[in-house]
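The listed protein sequences correspond, in order, to chains Z and H. In this text, residue positions in the first sequence follow the working numbering: the first is 684, and each later residue adds one. In this text, residue positions in the second sequence follow the working numbering: the first is 142, and each later residue adds one. Ideal Cβ positions, reconstructed from N, Cα and C, are used throughout, including at glycine. What follows is a single structure, written as structure tokens, with notes after it.
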Amino acid sequence: AQSVSQHNHHVILSEAASLELGCNYSYGGTVNLFWYVQYPGQHLQLLLKYFSGDPLVKGIKGFEAEFIKSKFSFNLRKPSVQWSDTAEYFCAVTGPGSARQLTFGSGTQLTVLP
Amino acid sequence: ETGVTQTPRHLVMGMTNKKSLKCEQHLGHNAMYWYKQSAKKPLELMFVYNFKEQTENNSVPSRFSPECPNSSHLFLHLHTLQPEDSALYLCASSREGTGSTEAFFGQGTRLTVV
């Protein structure tokens with residue numbers, strides 16, 4: 684079965700600091716990759732997704748992620764975080780066949796200090 | 142708003158009670174999902190419906206019983222739950238259930254079993 688690992692459970696940054704959240708997946712076939720964000724008290728919403736093509740994908744609110752197939756990674760980055768980026772971030776993956784449903788990581792809580 | 146609405150937002154129930162969670166989407170999607178979100182754990186996929194047919198049941202105990210009367214509505218019937226079933230239950234929908242499109246999530250029902 685495929686799995687998704689997010690190694691950082693809680694990240695604390697000051698405003699304007701750069702962000703990188705790690706995500707690794709175990710599935711070896713063709714995958715679709717997602718980052719979702721959950722702001723306090725709100726629903727999960729999509730930040731960005733990778734299906735094919737350019738491995739560097741840009742999402743909303745200045746976030747981007749890079750798919751590195753050889754490393755089975757899809758790390759999320761933002762050059763300069765804001766206090767409003769405080770939220771929980773989830774990496775997720777789907778694959779073909781029996782792995783076609785979203786498998787989520789355990790999430791990373793990001794706290795940005797003003 | 143995501144277009145996926147869940148009711149109720151909060152539910153407290155005793156272990157002998159019977160209750161139901163409701164999910165409604167008006168996005169024209171054909172796939173609907175139930176997820177369980179517990180603290181410090183990855184989102185767990187519970188059930189998947191594609192075109193009103195249940196296509197996945199991830200070894201969920203029978204005290205959870207899903208129902209999908211049409212492609213816009215999804216229910217989760219609960220009976221004789223245990224305290225460890227306390228969690229946030231999320232409903233999601235997607236255009237189809239093959240993993241190649243993004244999922245849209247509701248705000249969840251916070252369930253407490255006492």
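Name the DSSP bridge partner or partners of residue i?
i      : result
Q178/H : L229/H
I751/Z : S756/Z
M154/H : V254/H
Y85/H  : One cannot answer for residue 85/H here, as it falls past the ends of chain H, which runs 142 to 255.
C164/H : Q147/H, L215/H
T791/Z : Y772/Z
H693/Z : Q792/Z
Q728/Z : V720/Z
K741/Z : E747/Z
Y708/Z : V687/Z
Cβ of residue i within 9 Å of Cβ of residue j?
i      : j      : result
Y708/Z : F746/Z : no
G247/H : C164/H : yes
H220/H : N158/H : yes
T250/H : L168/H : no
G778/Z : Q689/Z : no
W718/Z : L739/Z : no
F192/H : S212/H : yes
For residue i, tell me which candidate among the options has the shortest Cα-Cα distance.
i      : options                        : result
C706/Z : V687/Z, H692/Z, P723/Z, I695/Z : V687/Z
R760/Z : E749/Z, A770/Z, S767/Z, Q721/Z : E749/Z
F188/H : F216/H, V255/H, L168/H         : F216/H
L796/Z : H690/Z, Q689/Z, S701/Z, H692/Z : S701/Z
E243/H : Q728/Z, G712/Z, P762/Z, A770/Z : Q728/Z
D226/H : T143/H, P202/H, Y190/H         : P202/H
G724/Z : H218/H, P224/H, H151/H, F205/H : H151/H
P210/H : T253/H, A172/H, M154/H, V153/H : A172/H
T786/Z : E698/Z, A699/Z, S697/Z, Y710/Z : Y710/Z
K697/Z : R783/Z, T769/Z, I743/Z         : Before going on, a small fix: residue 697/Z reads as Ser here, not Lys. S697/Z has its Cα closest to that of T769/Z, out of R783/Z, T769/Z, I743/Z.
T794/Z : G712/Z, L716/Z, Q721/Z, T713/Z : Q721/Z
S753/Z : N691/Z, V714/Z, E703/Z, V694/Z : V714/Z
V254/H : F245/H, Q223/H, R236/H         : Q223/H
Can you list the residues of chain H that residue i reaches, using a CB-CB cut of under 7 Å?
i      : result
F787/Z : P183, L184
L759/Z : Result: empty, since nearest Cβ-Cβ is about 16 Å, beyond 7 Å.
K732/Z : E243
At 7 Å on the CB atoms, spell out the chain Z contacts of residue i, in chain order.
i      : result
F192/H : What F192/H touches in chain Z: nothing, since even the nearest Cβ is about 15 Å away.
Q166/H : The premise fails here: Q166/H is roughly 12 Å from chain Z at the closest Cβ pair, so nothing lies under 7 Å.
V189/H : Q784
By the criterion of Cβ-Cβ separation under 8 Å, what are the contact partners of residue i in chain Z?
i      : result
T143/H : H726, Q728
E197/H : Q784
V153/H : Neighbours of V153/H on chain Z: none; closest Cβ ~19 Å, over 8 Å.
G247/H : H726
Name the chain H residues whose beta carbon is nearer than 9 Å to that of residue i?
i      : result
F717/Z : E243, A244
Please compile the residues from chain Z whose C-beta is within a distance smaller than 9 Å of the C-beta of residue i.
i      : result
L231/H : H726, L727
Note down, in chain order, every chain H residue with its Cβ under 8 Å from the Cβ of residue i.
i      : result
Q765/Z : Here the premise fails: no neighbours, minimum Cβ distance about 23 Å.
Determine contact between the stretch 222-236 of chain H and the stretch 170-177 of chain H, defined as no fewer than three beta-carbon pairs at a distance below 8 Å. Short answer: they touch.
Quick check: the stretch 775-791 of chain Z against the stretch 177-195 of chain H, are at least 3 beta-carbon pairs closer than 8 Å? Cβ pair count under 8 Å is three or more, so yes.
Does the count of Cβ pairs from the stretch 146-154 of chain H and the stretch 769-785 of chain Z closer than 8 Å reach three? Because the criterion of three Cβ pairs below 8 Å is not met, the stretch 146-154 of chain H and the stretch 769-785 of chain Z do not touch.
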